[in-house]
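Residue numbers (the numbering used here), protein chains in the order written: chain A, 1 to 224; chain B, 225 to 367; chain C, 368 to 768. The beta carbon of each residue, even a glycine, is placed where N, CA and C say it ideally should be. This one's a predicted model, so the numbers in the text were calculated from it and none came from an experiment. Let me begin by presenting the structure, written as structure tokens, before commenting on it.
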Amino acid sequence: MELRAEGAARFFLRKMKSSNIIYAVQKTDLTLEPGQLAVISGRSGSGKSTLLNMMCGLLKPSEGTVWADGLDLYSLGDGALSRLRNEKFGIIPQGGSGLGSLTILENVMAPALMYGKGKEIRKRAGNLLERFGIAHLSEAFPKELSGGELRRMAIARALILQPEVLFADEPTGDLDDENTALVLSVLRDAADKGAAVMLVTHEGSAAAYGDVLYAMHDGVLSGN
Amino acid sequence: MKRKTQGITIIRIITLAVSAFFLAGMLSFLKPCGPKEDGTWMHCHEAGRGLLILAAVLTLLALLRFVLKKGLPRLAPDILSVAVCIAAMLLPGTFVSLCMMPDMRCRAVMQPGALVFSAVLLVLAGLDLAFLLRPSQRDTVKE
Amino acid sequence: MKFRHFLSVRNLLRRPVRTAALVLLSVFMSFSVFAGSVITASLRNGLESYSARLGADVVVVPYAATTKGTLESVLLQGIPGNFYMEAPLYEKIRRIEGVEVAAPQFYLASATASCCSVAVQLIGFDPDLDFSIQPWIRRSYEKELAEGDIIIGNRISMPTDRILSFYGVDCRVVAQLDETGTGLDTAIYANMDTIAAMIRGAQERNFHYFDDIDPANAVSCVMIKVKDGYDPELVAGNINIHVRKVSASKAGSMISGIAGGLKNVSAVIGLLTAVIWILAVVILAVAFAMISHERRREFAILRTIGATAGMVSGVILGEAAIQSLIGAVCGIALACLAIFPFHTAISSALGLPYLMPRISAVLLYAGLAILFTVAAAAGISAFSAHRVSRQDAGILLREDN
Chain A
1 MELRAEGAAR FFLRKMKSSN IIYAVQKTDL TLEPGQLAVI SGRSGSGKST
51 LLNMMCGLLK PSEGTVWADG LDLYSLGDGA LSRLRNEKFG IIPQGGSGLG
101 SLTILENVMA PALMYGKGKE IRKRAGNLLE RFGIAHLSEA FPKELSGGEL
151 RRMAIARALI LQPEVLFADE PTGDLDDENT ALVLSVLRDA ADKGAAVMLV
201 THEGSAAAYG DVLYAMHDGV LSGN
Chain B
225 MKRKTQGITI IRIITLAVSA FFLAGMLSFL KPCGPKEDGT WMHCHEAGRG
275 LLILAAVLTL LALLRFVLKK GLPRLAPDIL SVAVCIAAML LPGTFVSLCM
325 MPDMRCRAVM QPGALVFSAV LLVLAGLDLA FLLRPSQRDT VKE
Chain C
368 MKFRHFLSVR NLLRRPVRTA ALVLLSVFMS FSVFAGSVIT ASLRNGLESY
418 SARLGADVVV VPYAATTKGT LESVLLQGIP GNFYMEAPLY EKIRRIEGVE
468 VAAPQFYLAS ATASCCSVAV QLIGFDPDLD FSIQPWIRRS YEKELAEGDI
518 IIGNRISMPT DRILSFYGVD CRVVAQLDET GTGLDTAIYA NMDTIAAMIR
568 GAQERNFHYF DDIDPANAVS CVMIKVKDGY DPELVAGNIN IHVRKVSASK
618 AGSMISGIAG GLKNVSAVIG LLTAVIWILA VVILAVAFAM ISHERRREFA
668 ILRTIGATAG MVSGVILGEA AIQSLIGAVC GIALACLAIF PFHTAISSAL
718 GLPYLMPRIS AVLLYAGLAI LFTVAAAAGI SAFSAHRVSR QDAGILLRED
768 N
């Protein structure tokens with residue numbers, strides 16, 4: 001699947017001296033192509049997470065359009081857009097993202113359980129937990145895990161349905177060097193297998209894994 | 225396993241509290257009438273004494289549940305409680321007759337009180353037994 | 368089990384203290400509305416039964432009995448009483464204009480001493496004149512009462528054919544009456560011949576109930592049915608003017624006193640229920656708003672993995688529905704334990720006619736209590752669910768970072 005932002009911008013209303021409108025993301029054109037890993041780096045508050053949320057259908061742009069294989073993403077109803085996120089997208093949000101009442105295994109299986117699909121899902125979830133070194137925690141609950149372990153769980157969850165587009169918002173934030181390398185290689189691997197990957201990070205080493213590099217500064221995307 | 229232990233502990237604490245309240249009730253607000261003017265006692269006095277003893281036994285059994293933790297003896301307090309609760313339900317009115325008028329204390333307060341406390345303790349004993357005999361299992365979602 | 372239901376159940380189980388607190392609120396809500404409805408309905412039934420059993424337009428009692436409220440004590444609380452007027456007064460009453468039928472009744476309290484099997488109100492009536500007791504008796508016993516036959520009120524535990532002794536007179540229980548929820552349920556009924564034998568027995572045993580009145584020529588009260596076209600109030604007034612030492616009152620005024628009591632009790636119950644509901648609804652609204660705010664990131668995460676806004680609302684509504692349903696059922700179970708076994712104690716404490724509604728009505732009240740409780744909780748949570756599901760998940764995720 002190809003995702004393309006065309007003049008997508010997002011502003012918020014805030015009472016300020018000069019203007020009541022503050023642009024988090026200025027008009028932006030961005031294309032995520034299958035098999036390509038796009039790395040967007042920038043300082044905290046530069047607008048890169050807002051851009052990622054617009055691209056993955058979680059935040060409607062104030063201006064412009066996001067196209068998914070030629071279809072206006074935000075013209076879809078909530079049901080169709082949610083189903084698209086579930087089936088085609090894998091999203092790794094910033095920060096802790098465990099569903100507190102589910103075990104780690106259930107958290108990883110959650111996207112598949114939501115629409116009742118996949119008899120083999122438990123086995124695949126087990127394999128992913130094994131791959132990320134948290135299989136021994138499968139029956140634990142999120143509050144019993146460290147930040148790094150939770151992040152690995154979120155990545156496993158994003159990969160459970162083998163998404164066509166993978167969005168990762170600071171996925172290596174709480175990880176040590178060894179795990180950072182593991183996560184970045186997993187994202188690289190997903191791109192190599194044909195997924196379009198959007199990685200938002202301020203991790204310097206991430207650039208080495210990317211096909212396309214962007215920088216975000218005060219809501220303006222530049223690069224490559 | 226942890227959830228099962230927590231569940232049993234909560235049930236046992238509630239059982240002890242209800243039994244103790246029943247016993248305290250039989251010594252105070254559930255007590256039948258006192259002696260008549262001529263010093264003799266009515267039928268209900270015997271029923272009241274019987275219920276007091278049964279309430280004391282139920283309290284003792286509630287305490288024993290915290291002590292007996294292994295093997296078959298751990299089931300004994302529950303099984304005995306079921307029998308004692310049924311006896312407490314039937315004692316006033318069936319095994320020992322009460323006063324004839326329904327607005328007398330023994331029939332308006334003591335008998336319904338014994339019935340309510342026994343019924344609650346019977347359910348609690350059943351729950352405790354079910355917890356002891358149930359293999360631990362986790363709830364599941366359709367995949 | 369569908370994922371969103373599974374998630375709702377898990378959320379409730381994983382937060383036992385929060386769940387228990389919210390269940391407890393629902394317990395209070397359903398308990399108050401169910402218990403309040405059953406008690407109010409019992410009082411209303413009691414009032415209807417009381418007015419039906421009284422059956423007269425005008426009631427005449429000796430003047431001394433009115434000051435002590437003796438007749439009302441007998442009728443409402445079943446407190447045995449002895450009050451008498453001389454038979455010639457009855458003859459005068461019978462001849463007052465507008466009186467169609469005047470039926471005398473004779474009240475005799477049995478003693479707690481060894482002469483009597485049980486201390487109750489014994490009520491004697493004249494089968495030829497009575498129009499208030501016999502229609503009720505015929506529901507349980509169709510034959511004429513012979514001398515020595517007695518009919519017992521519903522709340523006296525005694526099998527038929529049992530022999531009871533009153534002032535040395537052995538009487539056979541021939542039937543038991545339907546429940547009325549009034550003091551009449553603890554009375555025993557006999558014809559005047561049987562009562563006359565008991566009076567003689569009482570006199571022989573030196574019970575001084577009758578003062579200077581010859582009991583053979585006495586009555587306790589007179590139930591009057593007025594002729595068509597006559598106002599019971601005017602007939603009662605005429606009796607009070609023309610017959611000394613008695614007090615006549617319209618039966619409706621006796622009922623209106625009880626109706627006033629019922630109104631007061633119902634108002635107190637209604638007020639208590641309203642206070643409990645207002646408090647519970649406010650606490651629920653605040654709790655749901657706080658919980659939804661605290662969990663907004665969790666809901667945003669659900670959106671990232673593909674949940675629709677409806678699914679997120681469904682999880683919130685599901686949790687509210689499950690916990691309120693459990694609470695409502697527990698509340699009704701507790702109310703049943705408090706109301707039904709202790710109905711005699713409640714009736715005595717209220718001092719008003721109290722007749723439990725039929726099982727179908729009780730089931731209806733229980734169903735409505737569950738419905739109101741669940742609807743209230745679901746309605747309040749729907750507001751929070753709507754607010755949460757309307758927000759952009761992207762903004763919620765940004766807020767927490």
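By DSSP, does C56(A) sit in helix, in strand, or in coil?
Coil, per DSSP.
Have a look at A647(C) and G698(C) and give me their C-alpha separation to the nearest angstrom.
Their backbone Cα atoms lie some 14 Å apart in a straight line.
Taking N86(A) as the query, report the chain C residues whose CB atoms sit under 7 Å from its CB, ordered along the chain.
Simply I672, G673.
W67(A) by DSSP, collapsed to three states: which one?
Note: W67(A) maps to strand in three-state DSSP.
Can you find the residues in the same chain that come closer than 8 Å, C-beta to C-beta, to F245(B), ignoring five residues on each side of it along the sequence?
Answer for F245(B): F341, listed in chain order.
Checking 9 Å against the spacing of the C-beta atoms, do I92(A) and I121(A) come in under that value?
No, the pair does not count as a contact, with Cβ atoms beyond the cut-off.
Excluding five sequence neighbours on each side, which residues of the same chain lie with their C-beta closer than 7 Å to the C-beta of K612(C)?
Excluding residues within five positions, the ones whose Cβ falls inside 7 Å are P429, Y430, M452, L456.
Can you name, in chain order, every residue of its own chain whose Cβ lies under 8 Å from the Cβ of I21(A), other than the five neighbours on each side?
Cβ neighbours of I21(A) beyond the five flanking positions: F11, F12, L13, R14.
Are the C-beta atoms of A343(B) and some chain C residue less than 9 Å apart?
Yes, its Cβ sits closer than 9 Å to a Cβ of chain C.
Using 8 Å for Cβ pairs, my map puts P494(C) next to N558(C). What's the rounded Cβ distance?
With a Cβ gap of about 6 Å, P494(C) and N558(C) count as contacting.
Which one or two residues does DSSP pair with M452(C) in a beta bridge?
In DSSP, M452(C) forms a bridge with V586(C).
Here's the rule I'm using: 16 or more other beta-carbon atoms within 10 Å means buried, otherwise exposed. How should M368(C) be labelled?
With fewer than 16 Cβ atoms within 10 Å of its Cβ, M368(C) is classed as exposed.
Do you know whose CA, among L99(A), L3(A), A207(A), A135(A), lies nearest A181(A)'s CA?
It is A207(A).
Whole angstroms are fine: how far does the CA of L669(C) sit from the CA of G116(A)?
Taking the straight line from one Cα to the other gives about 15 Å.
Taking contact to mean 3 or more Cβ pairs, one atom from each stretch, closer than 8 Å, check whether the segment 520-531 of chain C and the segment 591-609 of chain C are in contact.
At 8 Å Cβ cutoff, the stretches do not touch.
Given that a residue counts as buried once 16 or more other Cβ atoms are within 10 Å of its Cβ, and exposed if not, what is A657(C)?
Note on residue identity: the sequence assigns Met, not Ala, to residue 657(C). Counting Cβ neighbours within 10 Å, M657(C) comes out exposed, since fewer than 16 surround it.
Return helix, strand or coil for V610(C), following the three-state DSSP convention.
If DSSP states are grouped into helix, strand and coil, V610(C) belongs with coil.
Which residue comes first and which comes last in the alpha helix (DSSP H) that contains N631(C)?
Where N631(C) is concerned, the enclosing alpha helix (DSSP H) stretches over 618-661.
Would you give the residue range spanned by the beta strand (DSSP E) that R4(A) belongs to?
Note, R4(A): beta strand (DSSP E), 3-13.
So the candidates are A110(A), L113(A), L129(A), D72(A); which of them puts its Cα closest to the Cα of V183(A)?
Checking every option, the nearest Cα to that of V183(A) belongs to L129(A).
In three-state DSSP terms, what is A478(C)?
The answer is coil: DSSP assigns A478(C) none of H, G, I, E or B.
Establish whether the CB of S714(C) and some CB of chain B are separated by less than 9 Å.
At least one chain B Cβ lies under 9 Å of S714(C).
Mind pulling the chain A residues with CB within less than 7 Å of G685(C)?
Correct list: empty, because the minimum Cβ distance to chain A is about 13 Å.
Using a C-beta to C-beta distance shorter than 8 Å, which residues of chain A count as neighbours of L389(C)?
Near L389(C) there are no residues of chain A at all, since even the closest Cβ is about 15 Å away, more than 8 Å.
Short of 6 Å in beta carbon distance, which residues of its chain neighbour G604(C), apart from the five on each side in sequence? Order them along the chain.
Excluding residues within five positions, none has a Cβ falling inside 6 Å.
Check the Cβ of D352(B) against every Cβ in chain C and list those closer than 9 Å, keeping chain order.
Near D352(B) there are no residues of chain C at all, since even the closest Cβ is about 18 Å away, more than 9 Å.
Considering only residues of the same chain and omitting the five flanking positions on each side of G231(B), which have a CB-CB separation below 8 Å?
Only F355 meet the Cβ criterion.
Looking at chain F, is there any beta carbon in it that lies within less than 9 Å of the beta carbon of A705(C)?
Of the protein chains in the structure, A, B and C, none is chain F.
Can you list, in chain order, the residues of its chain whose CB lies under 7 Å from that of E467(C), leaving out five sequence neighbours each side?
These residues qualify, in order along the chain: K592, V593, K594.
Taking C-beta to C-beta, are M313(B) and C268(B) nearer than 9 Å?
No, Cβ-Cβ distance for M313(B) and C268(B) is not below 9 Å.
Only counting the same chain, and skipping five residues up and downstream in sequence, which positions put a Cβ closer than 7 Å to that of E546(C)?
Taken in chain order, the residues that qualify are N521, D552, L722.
Cα-Cα, which of A215(A), Y209(A), V220(A) is closest to G35(A)?
Ranking A215(A), Y209(A), V220(A) by Cα distance to G35(A) puts Y209(A) first.
Could you tell me which whole alpha helix (DSSP H) segments of length 4 or greater appear in the segment 71-139 of chain A?
Counting only runs of 4 or more, we get 78-87, 104-114, 121-131.
Is the shortest distance between the beta-carbon of Q361(B) and the beta-carbons of chain C less than 9 Å?
With a pLDDT of only 45 at Q361(B), under 50, the local geometry of the prediction cannot be trusted, and no value is derived from it.
Given a cut-off of 9 Å, decide if L99(A) and F373(C) are closer than it, judged by their beta-carbon atoms.
No.
Could you spell out the range, first to last residue, of the alpha helix (DSSP H) harbouring V400(C)?
Unbroken alpha helix (DSSP H) run through V400(C): 383-421.
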